[in-house]
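> Taken in sequence, the protein lines are chains Y and F.
Here my numbering is used: the first residue of the first sequence is 1, the next is one more, and so on.
Here my numbering is used: the first residue of the second sequence is 1, the next is one more, and so on.
All residues carry an ideal CB built from backbone N, CA and C; glycine is no exception.
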Amino acid sequence: MKLPDFTYAAPTDLRGAISLLAADPAARALAGGQSLIPVLAFRLGAPSMLVDLSNIADLDKIEVNNARLRIGAMARWAAVAESPLVHTHHPLLRAAISHVAHYQVRNRGTIGGSLAHADPAAELAAVALACDATIIAQGPQGQRRIAVADFFCGALTTALTPAELVIALELPCMPTDLRWGFAEFARRRGDFALAGAVVHFSLDAAGAIINPHIAGIGASDRPRRLTAPETVLAGQAPSLAILRAAADVATAETDAADDLHGSAAYRRSLAGTMVLRALADACAITLP
Amino acid sequence: MNAPLVGQPIERIEDLRLLRGAGCFTDDIAAPDALAAVILRSPLAHGLITRLDTEAAQKLPGVVSIITARTIGMPVPTIPLRLAPLAELVPYEQPVIAQDRVRYVGEPIAMVVATSAAIAEDALDLIELEIAPLPAIVTNDDAAAAAALLFPDSGSNLCITYTARLGDAAQEFPGAIIVEDDFSTQRHTAATMETRGLLARWDAARGHLTVHGAAKAPWAGRRMLARQLGLDEFSIDMIAVDVGGGFGMRGEFYPEDFLVPFAARHLDRPVKWIEDRREHLLSANHAREFDAHLQLILSPAGDILAVRGRARCNLGAYMRANASIAPRNVAQFFSGPYRIPNIAIDTDVFLTNKTPTGTYRGPGRFETDFFRERLLDLAAERLGMDRVVLRRRNLITSAQMPHPIATVSAPVKAEELDSGDYAETLDRCLGAIGWDRLQPLRGQRINGRHHGVAVGCFIEGGAAGPSEHARLELGADGMVDVFVGSSMVGQGLETVLLQISADALGLPMERLRIFHGSTTYLRIGFGSFHSRSTVMGGTAILNAATTLKEAIRAAAGRRLNCAPDEVLLGAGTATNPSGAIVNWAELAADVPAAPGQFDNHTHTYAYGAHAAHVGVDIATGHVEIFD
Ligand SMILES: Cc1cc2nc3c(=O)[nH]c(=O)nc-3n(C[C@H](O)[C@H](O)[C@H](O)COP(=O)(O)OP(=O)(O)OC[C@H]3O[C@@H](n4cnc5c(N)ncnc54)[C@H](O)[C@@H]3O)c2cc1C
Numbered sequence: 001m002k003l004p005d006f007t008y009a010a011p012t013d014l015r016g017a018i019s020l021l022a023a024d025p026a027a028r029a030l031a032g033g034q035s036l037i038p039v040l041a042f043r044l045g046a047p048s049m050l051v052d053l054s055n056i057a058d059l060d061k062i063e064v065n066n067a068r069l070r071i072g073a074m075a076r077w078a079a080v081a082e083s084p085l086v087h088t089h090h091p092l093l094r095a096a097i098s099h100v101a102h103y104q105v106r107n108r109g110t111i112g113g114s115l116a117h118a119d120p121a122a123e124l125a126a127v128a129l130a131c132d133a134t135i136i137a138q139g140p141q142g143q144r145r146i147a148v149a150d151f152f153c154g155a156l157t158t159a160l161t162p163a164e165l166v167i168a169l170e171l172p173c174m175p176t177d178l179r180w181g182f183a184e185f186a187r188r189r190g191d192f193a194l195a196g197a198v199v200h201f202s203l204d205a206a207g208a209i210i211n212p213h214i215a216g217i218g219a220s221d222r223p224r225r226l227t228a229p230e231t232v233l234a235g236q237a238p239s240l241a242i243l244r245a246a247a248d249v250a251t252a253e254t255d256a257a258d259d260l261h262g263s264a265a266y267r268r269s270l271a272g273t274m275v276l277r278a279l280a281d282a283c284a285i286t287l288p
Numbered sequence: 001m002n003a004p005l006v007g008q009p010i011e012r013i014e015d016l017r018l019l020r021g022a023g024c025f026t027d028d029i030a031a032p033d034a035l036a037a038v039i040l041r042s043p044l045a046h047g048l049i050t051r052l053d054t055e056a057a058q059k060l061p062g063v064v065s066i067i068t069a070r071t072i073g074m075p076v077p078t079i080p081l082r083l084a085p086l087a088e089l090v091p092y093e094q095p096v097i098a099q100d101r102v103r104y105v106g107e108p109i110a111m112v113v114a115t116s117a118a119i120a121e122d123a124l125d126l127i128e129l130e131i132a133p134l135p136a137i138v139t140n141d142d143a144a145a146a147a148a149l150l151f152p153d154s155g156s157n158l159c160i161t162y163t164a165r166l167g168d169a170a171q172e173f174p175g176a177i178i179v180e181d182d183f184s185t186q187r188h189t190a191a192t193m194e195t196r197g198l199l200a201r202w203d204a205a206r207g208h209l210t211v212h213g214a215a216k217a218p219w220a221g222r223r224m225l226a227r228q229l230g231l232d233e234f235s236i237d238m239i240a241v242d243v244g245g246g247f248g249m250r251g252e253f254y255p256e257d258f259l260v261p262f263a264a265r266h267l268d269r270p271v272k273w274i275e276d277r278r279e280h281l282l283s284a285n286h287a288r289e290f291d292a293h294l295q296l297i298l299s300p301a302g303d304i305l306a307v308r309g310r311a312r313c314n315l316g317a318y319m320r321a322n323a324s325i326a327p328r329n330v331a332q333f334f335s336g337p338y339r340i341p342n343i344a345i346d347t348d349v350f351l352t353n354k355t356p357t358g359t360y361r362g363p364g365r366f367e368t369d370f371f372r373e374r375l376l377d378l379a380a381e382r383l384g385m386d387r388v389v390l391r392r393r394n395l396i397t398s399a400q401m402p403h404p405i406a407t408v409s410a411p412v413k414a415e416e417l418d419s420g421d422y423a424e425t426l427d428r429c430l431g432a433i434g435w436d437r438l439q440p441l442r443g444q445r446i447n448g449r450h451h452g453v454a455v456g457c458f459i460e461g462g463a464a465g466p467s468e469h470a471r472l473e474l475g476a477d478g479m480v481d482v483f484v485g486s487s488m489v490g491q492g493l494e495t496v497l498l499q500i501s502a503d504a505l506g507l508p509m510e511r512l513r514i515f516h517g518s519t520t521y522l523r524i525g526f527g528s529f530h531s532r533s534t535v536m537g538g539t540a541i542l543n544a545a546t547t548l549k550e551a552i553r554a555a556a557g558r559r560l561n562c563a564p565d566e567v568l569l570g571a572g573t574a575t576n577p578s579g580a581i582v583n584w585a586e587l588a589a590d591v592p593a594a595p596g597q598f599d600n601h602t603h604t605y606a607y608g609a610h611a612a613h614v615g616v617d618i619a620t621g622h623v624e625i626f627d
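1. Give me, in chain order, the residues of the same chain whose beta-carbon lies closer than 6 Å to that of Pro77(F); leave out the 5 immediate sequence neighbours on both sides.
2. Does at least one heavy atom of ligand 1 sit under 8 Å from the Cβ of Gln34(Y)?
3. Consider the Cβ of Ser54(Y): report whether some Cβ of chain F lies at a distance smaller than 9 Å.
4. Under a Cβ-count criterion, where at least 16 other Cβ atoms within 10 Å of its own Cβ denotes burial, should Arg629(F) be classed as buried or exposed?
5. Would you tell me roughly how many angstroms separate the C-alpha atoms of Val211(F) and Arg201(F), rounded to the nearest one?
6. Do His261(Y) and Asp132(Y) have their C-beta atoms within less than 9 Å of each other?
7. Given Leu395(F), which residues of its chain have a CB within under 8 Å of its CB, disregarding the five upstream and five downstream residues?
8. Is there contact between the region 476-490 of chain F and the region 353-360 of chain F, where contact requires at least three CB pairs shorter than 8 Å?
9. Short of 8 Å Cβ to Cβ, which residues in the region 273-293 of chain F face chain Y?
10. Could you name each continuous beta strand (DSSP E) segment of 3 residues or more that falls completely within the region 17-73 of chain F, going from the start of the chain to the end?
11. Between which two residues does the beta strand (DSSP E) harbouring Cys283(Y) extend?
12. Can you find the residues in the same chain that come closer than 7 Å, C-beta to C-beta, to Gln444(F), ignoring five residues on each side of it along the sequence?
13. DSSP puts Val112(F) in a beta bridge; with which residues?
14. Which chain Y residues sit within Cβ distance under 8 Å of Ala117(F)?
15. Take every Cβ of the region 280-298 of chain F, pair it with every Cβ of the region 176-194 of chain F, and state whether three or more of those distances are shorter than 8 Å.
16. Identify which residue in Val260(F), Arg196(F) and Leu129(F) has its Cα closest to the Cα of Leu225(F).
17. Whose CA, out of Asn342(F), Ile459(F) and Glu55(F), lies closest to the CA of Tyr607(F)?
18. Would you say Ser269(Y) faces chain F, with C-beta separation under 9 Å as the test?
19. Given a threshold of 16 other Cβ atoms within 10 Å of its Cβ, counted over all protein chains shown, does Phe151(Y) qualify as buried or as exposed?
20. Can you tell me where the beta strand (DSSP E) holding Ala410(F) begins and where it ends?
21. With H, G and I counted as helix, E and B as strand and the rest as coil, what does DSSP make of Gln138(Y)?
22. Might you give, ordered along the chain, the residues of its own chain that have their beta carbon closer than 7 Å to the beta carbon of Leu21(Y), omitting 5 neighbours on each side?
23. Find the nearest neighbour of Gly155(F) within the set Ala145(F), Thr163(F) and Tyr162(F), judged by alpha-carbon distance.
24. Where DSSP assigns a beta bridge to Asp7(F), which residues make up the other side?
25. Can you tell me which of His613(F), Leu150(F) and Gly485(F) puts its alpha carbon nearest to the alpha carbon of Ile433(F)?
26. Which value, in whole angstroms, describes the spacing of the CA atoms of Ser283(F) and Arg328(F)?
27. Does the Cβ of Gly615(F) have 16 or more other Cβ atoms within 10 Å, making it buried, or fewer, making it exposed?
28. Helix, strand or coil, according to DSSP, for Tyr422(F) in the structure here?
29. So, does the CB of Ala632(F) fall closer than 9 Å to a CB anywhere in chain Y?
30. Are the CB atoms of Gly219(Y) and Leu270(Y) nearer to each other than 9 Å?
31. Under 8 Å: does the beta carbon of Val80(Y) sit that close to some heavy atom of ligand 2?
32. For Leu158(F) and His46(F), which I take to be in contact (beta-carbon distance under 8 Å), what is that distance rounded to the nearest angstrom?
33. For the region 120-148 of chain F, which residues have a CB atom closer than 9 Å to at least one CB atom of chain Y, in sequence order?
34. If we cut at 9 Å on Cβ distances, does Thr192(F) have a partner in chain Y?
35. Kindly indicate if chain F contains any beta-carbon less than 9 Å away from that of Pro288(Y).
36. For Gln295(F), does the three-state DSSP call read helix, strand or coil?
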């Protein structure tokens, strides 16, 4: 589990990093290293060069403009979770990060690395999906904004083109009356979840659910928006029965596969359970 | 003399050093001149090696040597059983490196020795390896069906059947109630914080080998290595250093325990190998994969009359040095602390294409304790009897001891439970957990958790023979050095053995130093396994302490002009009847080193009870332990 040979560069500006990556298709960006370094240690990859992004100024900024929370790609999990801006404007993200990995990993891992790595069980991806986030990328051709729905293409694959970097994630600030919930299940705390769910919605004056958003993690090959349970919930007053109905269609909508950790049926059932628990949390309904 | 230290809750003396990062583990040993070894392991569970070409890898700059079965000379040595050896198991011993066939993922095929571990790993990718796959035997059913044989010459994948017998379990039991079921326990493995590691140095001029990283049973390892390398036992020193976890897994003789010293001698260069986490999971002993069908036969009043049935052990690919222990124990210790007059349990041991197994924390007992206690719960339900009442009724009482337990077929050795008050531990356990308060929660669903409450009783064997050895030396500084064959695997050995030594000599612990586990300290020693290090090492120290005190008395008597038995020993002092006093330090030159030996062929049986209160989240399957 020793790393293969590679050259190392730590440019201080974004353009420099992008041109290094563009010049050598076998070069890879290095952010927190929490996913990339294990890949190298297992010798599942052998990049010719690692382009370390940590010396690039301002890539880790967290700011709020026009009711949008913008988090720089190099912001570490720990910094995001501790940010007062995130605390105020995105409690859901903060709650989700508390389930990401362990303390040590959260001190190194970055949100840009997580998005680019695109693990199907990454909490951040589900939050981004459920919150209609935008990913800001920059490559040799310049900057572009990618809607999160178009970003994740499958397990460990994204819409990023070669030499294109994630530079920030933008999330609409959460209205203070937004109802939200997060639930996930991992055999050990800090492990990638076997299944999880992110939900949020508003209540209209009559107390009915409006604009429900649900995203599932872990159960499928990529983080997914689950539209069927959203349809079940829309316009309904929260009740245990309606939550259960939503969870049941979430189970049906989840396309899980058998793997080492569990059967497809177990994964699907877990996905439904997590949707139920996240919804119950959002509605402050106690499950029997 | 002060109150005895044994029995007092004192802080472990080794902890400060270990917690402050001052421990010395194998990889901490400075060896700037050492080459790094890395092992090419089989990527397939079962197959025939059709091509192994190391030429390209050999040419990589920094690569010093690539060792294969051919370098060692075929047939390569195999690893003998350290415990409970039998001639019929010899064919299933693991060769130190694969020759023409691989039998599990992780089996060593070649070892690259290079100037750094990273270069050696680069070279792994350049070794051209082709394996013609054979069907992989994964489960016991696969093994029995024998679509492929791991050892074609043996004609079967059944390696051995151990039988445990007591009384006559085959007889009819008229009017009895039979409770039976299928059970299984899944594979476990020890994942020590520090992986295994070895550093071997060959001194060509002296013909002497030094191996750092020995643990658990260094003298046995030395004996095996000497035989495999054709060396005299005393030309090898096995040096024990700190270890980051043992659990029964560490310190047994593995292929690397041959390969690394072999490479050091072959190349006449120090060679270091540090196991990485992936190879740890693939190659260090696994454990506990058993299934069983068992019948418990009881009288309607709830007296256990007999047990009979069959267990199966998924052994993995080879019979490793201590692999016979768990399957033997599953059969022999089913009865646990209970009176079961008639026993007939067979354990079939199947070879499969998985990592070989060995001992791991109460080998065989964990498995069989679960089978038995679950059967007892089923029986209680069937009889409409309270679970605790049924257990208490069948526990062996002190008055019934010594009490024989089943004898295992081979090697045969009668065993009996020596002493104890089993009911007392059960009662104390129930009291401690608040059994009466918890009972009503059983089967309830509260906050989405289904509550379960259970209790089980067990025994745990210890004090494996044949002996342990120690030596005490009084120094001119008044310190006593304690040398002992027990080895430290994280169990707090230094503290407990110094407590025993200090009490035996009437000295404060600060006046003692302990040296353990390396073959350089004693000509012969055994080590730490089978709950033996304190009983055996501690008693060897007690015996040595008696000898040392006699020698001190004799020397003091000469110095103080009195008979040795008139000398009164204090904490580091000796006084004659008229009050003349001499310090031990002044006598050091006249006090020879005191050897101590403790021979034992009778196992001890510790005992206890466990109770648990758990909650099961049935929607996720998660089990939470409340108490
Ligand atoms: C033990 C452990 C447990 C974990 N558990 C979880 C968990 O529960 N949930 C979870 O979400 N994650 C988990 N992770 C992953 C962790 O969150 C990673 O930190 C994260 O996925 C990757 O971030 P990184 O900054 O470490 O990226 P790196 O490892 O440095 O990079 C990952 C990949 O992204 C690329 N990359 C990095 N930054 C950029 C960028 N700005 N633009 C384009 N490409 C980029 C790299 O080239 C590489 O291919 C765990 C990791 C470990 C080691």
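Answer, in terms of the structure:
1. Here the question's residue 77(F) lines up with position 77 in the second sequence. So the qualifying residues of the chain are Val96 and Gln228.
2. As a working note, residue 34(Y) is residue 34 in the first sequence. Within the cutoff, so yes.
3. Here residue 54(Y) is taken as the residue at index 54 of the first sequence, counted from 1. It does not; no Cβ of chain F falls within 9 Å.
4. Residue 629(F) falls outside the range modelled here, since chain F spans only 1 to 627, and no answer is possible.
5. Numbered from its first residue, the second sequence carries residue 211(F) at position 211. Numbered from its first residue, the second sequence carries residue 201(F) at position 201. The alpha-carbon atoms of Val211(F) and Arg201(F) are separated by roughly 7 Å.
6. Within the first sequence, the letter at position 261 stands for residue 261(Y). Within the first sequence, the letter at position 132 stands for residue 132(Y). Not a contact, by the Cβ cut-off of 9 Å.
7. Taking the second sequence and counting its residues from 1, the one referred to as residue 395(F) is at position 395. Closer than 8 Å at Cβ, skipping near neighbours: Pro337, Tyr338, Arg339, Tyr422, Ala423, Leu426 and Cys457.
8. no
9. So the list reads Asp276, Arg277 and Arg278, given in the order they occur along the chain.
10. 35-41, 47-53 and 63-67
11. For the purposes of this step, residue 283(Y) is identified with residue 283 of the first sequence, where counting begins at 1. Run containing Cys283(Y): none in the beta strand (DSSP E); it sits in the alpha helix (DSSP H), Ala264 to Cys283.
12. Locating residue 444(F) in the second sequence gives position 444, where the first residue counts as 1. Only His451 meet the Cβ criterion.
13. As a working note, residue 112(F) is residue 112 in the second sequence. BP columns for Val112(F) point to Val38(F) and Ile66(F).
14. Here residue 117(F) is taken as the residue at index 117 of the second sequence, counted from 1. In chain order: Lys2.
15. The region 280-298 of chain F makes contact with the region 176-194 of chain F; the number of CB pairs closer than 8 Å reaches 3 or more.
16. On the second sequence, residue 225(F) is found 225 positions in, with the first residue counted as 1. With distances taken between Cα atoms, Leu225(F) lies closest to Val260(F).
17. As a position in the second sequence, residue 607(F) is number 607, starting the count at 1. Nearest C-alpha to Tyr607(F): Ile459(F).
18. Here residue 269(Y) is taken as the residue at index 269 of the first sequence, counted from 1. True, the Cβ-Cβ gap to chain F drops below 9 Å.
19. Indexing the first sequence from 1 puts residue 151(Y) at position 151. So Phe151(Y) ends up on the buried side.
20. Working through the second sequence from its first residue, we reach residue 410(F) at position 410. Looking at the DSSP string, Ala410(F) is not in any beta strand (DSSP E), and its letter there is neither H nor E.
21. The residue labelled residue 138(Y) in the question sits at position 138 within the first sequence. Strand.
22. Translated into positions along the first sequence, residue 21(Y) becomes position 21. Taken in chain order, the residues that qualify are Ala27, Ala29, Val51 and Ala163.
23. In the second sequence, residue 155(F) corresponds to position 155, counting from 1. Looking only at Ala145(F), Thr163(F) and Tyr162(F), the smallest Cα-Cα distance to Gly155(F) is reached by Ala145(F).
24. In the second sequence, the residue the question calls residue 7(F) occupies position 7. In the sequence on display, residue 7(F) carries Gly and not Asp. None; Gly7(F) has no bridge partner.
25. Against the second sequence, residue 433(F) aligns to sequence position 433. Of His613(F), Leu150(F) and Gly485(F), the smallest CA-CA separation from Ile433(F) is found for His613(F).
26. As a first step, residue 283(F) is located in the second sequence; it is residue number 283 there, counting from the start. As a first step, residue 328(F) is located in the second sequence; it is residue number 328 there, counting from the start. Between Ser283(F) and Arg328(F), the C-alpha separation is close to 23 Å.
27. Locating residue 615(F) in the second sequence gives position 615, where the first residue counts as 1. Burial call: buried.
28. Residue mapping note: residue 422(F) aligns to position 422 of the second sequence, counting from 1. Helix.
29. Lying before the first or after the last residue shown, residue 632(F) is absent from chain F, which here runs from 1 to 627.
30. Position 219 of the first sequence, counting from 1, holds the residue named residue 219(Y). Position 270 of the first sequence, counting from 1, holds the residue named residue 270(Y). A quick correction: the sequence has Ala, not Gly, at residue 219(Y). In contact: Ala219(Y) and Leu270(Y) (Cβ atoms closer than 9 Å).
31. For ligand 2, the structure offers nothing, since it holds only ligand 1.
32. Counting from 1 along the second sequence, the entry for residue 158(F) is found at position 158. Counting from 1 along the second sequence, the entry for residue 46(F) is found at position 46. About 17 Å separates the two Cβ atoms, so there is no contact after all.
33. Ala120, Glu121, Asp122, Leu124 and Asp125
34. On the second sequence, position 192 is the one that residue 192(F) refers to. Judged by the 9 Å Cβ criterion, Thr192(F) is not in contact with chain Y.
35. As a first step, residue 288(Y) must be located in the first sequence, where it is residue number 288. Yes, Pro288(Y) counts as interfacial toward chain F.
36. Your numbering for residue 295(F) matches position 295 in the second sequence. The DSSP-derived three-state label of Gln295(F) is strand.
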